[in-house]
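Input: a single structure, listed below in structure tokens.
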Amino acid sequence: MKTQLIAILLIVTTGILSAQSGKSISNYQQIEKQTDAIYSSLVEIRRDLHMHPELSKQEKRTSKIVAEYLEKLGIEVKTNIGGNGVVGILKGDKEGRNIAWRADMDAIKINEPDVVDFKSKNEGVRHICGHDVHTTIGLGIATVLSQQKEDLEGTVYFIFQPAEETFTGAKDMIEDGLFDIIKPDEVYGLHIGPETSGMINVKANELFAHTKTLKVKFKPSANENELENFMNSILKGFVRNIEQKGSPWDIINKISDPKIGLTSKETIFKDYFILQGARLNTDTDKAVTFYNASFLETDIKRVNNIPHEIKKLILNSKFKDSFISIGYSKDYAGTPINDPELTRIATQTISSFYNKEMFTPLYGQVPYFGEDFIFYQQKVPGVFFFLGGSNIEKGISSMPHTPNFAVDEKTIKYGVQSFATLLLERANSK
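Each residue of the sequence shown is one higher than the last, beginning at 37 in the working numbering.
Set out below in structure tokens:
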């Protein structure tokens, strides 16, 4: 099936390109026409990936499809990077900037049945985070840019990453020599979000709240209940603007609210501390008592200062002689931190070609989610976007990690044409 889909896509693409003159039509208009021409084939590929989801570190079928697809486009391909990672290298005919695009490929475990007709054939595994769409958009971008090679000044790298859901894929690829294979000047990527299909959201600096787990060690004490209450009162003192009551989804469901959501200047998600949970426990040999607390914080300066503030409070309390140490547990991933200048440039670039109303800034930071895209940004500057996939009229909600997650497939078209244009413009920039 996958070979047929690739063949169909290549035939359609070749046909449309032979019928049009690159001299008379601007690059972005060509990209729009090419995207329209391959759209139905991209939908078929997306549905095939959706029907065959693979868990983190098990993406062998998806990886093979991606590699074969890129090879048939004439793109140089590297495989088995950091596990099932695939990299495509598209070199332009002229010198220019080196730009990377990242798409993740893995799915997650979920027992609820699929809500679309093209249901998952792997029991208990579904694409409810949109990675099948991410992969498809990446392949679509590779298709249209491969046909722009004579106008491409520089190189575009396509990073198809495994194991994003476990926050290990990016690190695995990097540790396996990704940046020995590619030398990008900038890196870009996206994630499906709950906004209207085709809506692009972005902001400079932190995109998500920082998620941390605080660990405080004490000597065993007969006053454990009192110690726990004391520590709870300290952590609750940091809570501001948003207080978690009930399920985290009670808060998450507000992020699309037009009055207080992320796209409103009056958002409640701009400056907050959310205490997720805290408890005291003693290890098996009763040698050490641990107090663990997990929280979300939007301000990195506060994140860095919280352990020092808590330590001062402990050392000025009746529990000072029991105190041993304080620090953060190892975190799986942080928040993407978008380069301010590249965010500005990307926003202007895409808005100048397409409907400006479909490009909406974010004024706050997303709670309860994380993204290992940050590990690429620690190597090179980059920007991570949200691409809306919901369609209220059709009853489609693309809130990630929800049982009824679905995507309006026109989002694929919007994603390909918008970001292929961005990558071409950035590669050709001086």
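Glycine included, each C-beta is placed from N, C-alpha and C at the ideal position.
What are the residues that DSSP puts in a beta bridge with residue i?
i, result
"residue 472", "The structure shown does not extend to residue 472, since the chain is modelled only from 37 through 466, so no value can be given for it."
"residue 432", "427"
"residue 329", "250 and 314"
"residue 136", "193 and 223"
"residue 125", "112 and 193"
"residue 488", "Here the chain covers residues 37 to 466 and nothing more, so residue 488 does not appear."
"residue 419", "224"
"residue 309", "276 and 333"
Looking only at C-alpha atoms, which of the options sits nearest to residue i?
i, options, result
"residue 315", "298, 409, 306 and 331", "331"
"residue 339", "358, 282, 289 and 271", "271"
"residue 279", "297, 310 and 295", "310"
"residue 247", "435, 308, 74 and 147", "308"
"residue 35", "464, 449 and 465", "Look at the range of the chain in this structure, 37 to 466, and you will see that residue 35 is not part of it."
"residue 244", "295, 282, 361 and 405", "405"
"residue 326", "342, 365 and 289", "365"
"residue 353", "262, 113 and 378", "262"
"residue 145", "439, 350, 395 and 154", "439"
"residue 218", "408, 195 and 463", "195"
"residue 328", "155, 312 and 121", "312"
"residue 466", "130, 150 and 349", "130"
"residue 424", "396, 413, 415 and 407", "396"
"residue 333", "403, 301, 294 and 379", "403"
"residue 379", "251, 103, 242 and 288", "242"
"residue 299", "166, 101, 422 and 110", "422"
"residue 324", "253, 260 and 277", "253"
"residue 112", "100, 187, 103 and 125", "125"
"residue 266", "287, 337 and 351", "351"
"residue 430", "104, 67, 232 and 75", "232"
"residue 115", "283, 437, 198 and 407", "198"
"residue 342", "251, 108, 264 and 76", "251"
For residue i, collect the residues of the same chain with a Cβ closer than 8 Å to its Cβ; drop the 5 residues on either side in sequence, then sort them by chain order.
i, result
"residue 59", "Residue placement at residue 59 is poorly supported in this model, since its pLDDT is 32, which falls under 50; the coordinates still yield a value, given next. So the list is empty, once near-sequence residues are dropped."
"residue 90", "96, 97, 98, 141, 142, 143, 158 and 161"
"residue 411", "206, 207, 210 and 369"
"residue 214", "117, 118, 121, 123 and 195"
"residue 147", "160"
Where does residue i fall in DSSP's three states?
i, result
"residue 111", "coil"
"residue 51", "With a pLDDT of only 41 at residue 51, under 50, the local geometry of the prediction cannot be trusted, and the value read off the model is given with reservation. Here residue 51 sits in helix by DSSP."
"residue 404", "coil"
"residue 319", "coil"
"residue 414", "coil"
"residue 207", "helix"
"residue 438", "coil"
"residue 443", "coil"
"residue 452", "helix"
"residue 470", "Look at the range of the chain in this structure, 37 to 466, and you will see that residue 470 is not part of it."
"residue 398", "coil"
"residue 337", "helix"
"residue 131", "strand"
"residue 215", "helix"
"residue 81", "helix"
"residue 304", "coil"
"residue 60", "With a pLDDT of 27 at residue 60, under the threshold of 50, the modelled position of this residue cannot be trusted, and the question is left open."
"residue 324", "coil"
"residue 96", "helix"
"residue 465", "coil"
"residue 457", "helix"
"residue 104", "helix"
"residue 40", "Because residue 40 sits at a pLDDT of 47, beneath the cut-off of 50, its placement in the model cannot be relied upon, and the point is left open."
Looking only at its own chain, which residues have a Cβ that is under 6 Å from the Cβ of residue i, when we skip the five neighbours before and after it?
i, result
"residue 347", "362"
"residue 452", "71, 173, 176 and 177"
"residue 225", "138, 409 and 420"
"residue 132", "189, 190, 463 and 464"
"residue 223", "136, 412, 416 and 418"
"residue 291", "297 and 298"
"residue 274", "309"
"residue 230", "292, 426, 434 and 435"
Please work out which residues of its chain come closer than 7 Å, Cβ to Cβ, to residue i, disregarding the five sequence neighbours upstream and downstream, and give them in chain order.
i, result
"residue 82", "168, 169, 172, 445 and 448"
"residue 220", "134, 135, 136, 193 and 416"
"residue 442", "151, 152, 432, 433 and 434"
"residue 454", "236, 386 and 390"
"residue 128", "185, 188, 189, 190, 191 and 463"
"residue 25", "Because the chain is modelled from 37 through 466, residue 25 falls outside the range shown and cannot be assessed."
Would the C-beta of residue i count as close to the ligand MN, meaning under 8 Å from any of its heavy atoms?
i, result
"residue 147", "The ligand MN is not part of this structure, which contains no ligands at all."
Unbroken stretches of the beta strand (DSSP E), 3 residues or longer, contained in the stretch 218-300:
Correct list: 222-232, 236-238 and 246-254.
Complete beta strand (DSSP E) runs within the stretch 345-393 (minimum length 3 residues, chain order)
Listed in chain order, the complete beta strand (DSSP E) runs (minimum 3 residues) inside the stretch 345-393 are 359-364.
Runs of alpha helix (DSSP H) wholly within the stretch 143-199 (minimum 4 residues, chain order):
Counting only runs of at least 4 residues, the stretch 143-199 fully encloses the following alpha helix (DSSP H) elements, listed from N- to C-terminal order: 167-182.
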